[in-house]
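Residue numbers 120 to 282, in the numbering used here, belong to the letters of the sequence shown in order. Take a look at the structure set out below.
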Amino acid sequence: MKTACVALVAAVMLQATPAFSASTATSPLVGTWLLDTSSLPMPPAARPKRVVLDFKQVPGNKWATSAEIVEHDNNTLQAQSTLSLDGTPGKASGTYLVDRAAVKMPEPGVLVMQLMYQGVPASTRTYTVSADGKVMTEIEAYFKDGNPMMRTAYFKRVASQTK
């Protein structure tokens, strides 16, 4: 029985190894990204003027995110977080409507982020990077009027960081 347990633990660890090693590789998501506001599926008058996301890998298998949103009326919203990449929820701060978040990176070019505000899930966002490293796609899943919704947006890497 003891041998069977050891074998089971070893098999589980071997299966888990790729997930652990993927999060330690340098991610092509690292950098500063500017939203292509014309990619938003909404009238131009409703779009933000500018959205900048900054992603950083932090020692200890953590991920730092900083967001700045300049709304159409020039009001600026910000949000920041540094979270463990294992999906453990943590604090987010700033003026954007998010106070808790969780992130996972199943492989270096994919980030999944769950946001919540005042105990209510707000959205789940999945970020991926194009093969040339110049375009980041954000797919946002959320609820509106009791229905599940999805929105796709595209970000361009800030020119000084083009890979």
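No residue lacks a Cβ here, since even glycine has one placed at the ideal position from N, Cα and C. None of the values given here were measured: they were computed from a predicted structure.
Asked	Found
If you drop the 5 nearest sequence neighbours on each side, which residues of the same chain put their C-beta closer than 7 angstroms to that of S146?	Q176, M224, P227, G228
With distances taken Cα to Cα, identify the nearest neighbour of G265 among S279, I258, A278, A241.	A241
Going by the beta-carbon positions, is the gap between L153 and F274 smaller than 9 angstroms?	yes
Do I188 and Q197 have their CB atoms nearer than 9 angstroms?	yes
For the candidate residues M232, P163, S212, L216, whose alpha-carbon lies nearest to that of N246?	It is Tyr, not Asn, that sits at residue 246 in the sequence shown. Taking only the C-alpha atoms, the option nearest Y246 is M232.
Indicate whether T151 and V254 have their beta-carbon atoms separated by less than 9 angstroms.	no
Under 6 angstroms Cβ to Cβ from P162, same chain only, skipping five residues before and after it: list those, please.	none
For M235 and E257, what's the separation of their Cα atoms in angstroms?	17 angstroms
On a CA-only basis, which of T271, A164, R166 is nearest A260? Give me that one, please.	T271
For the beta strand (DSSP E) that contains V239, what are its first and last residues?	239-248
In or out: F288 buried (at least 16 other Cβ within 10 Å) or exposed?	In this structure the chain extends from 120 to 282, so residue 288 is not present and cannot be described.
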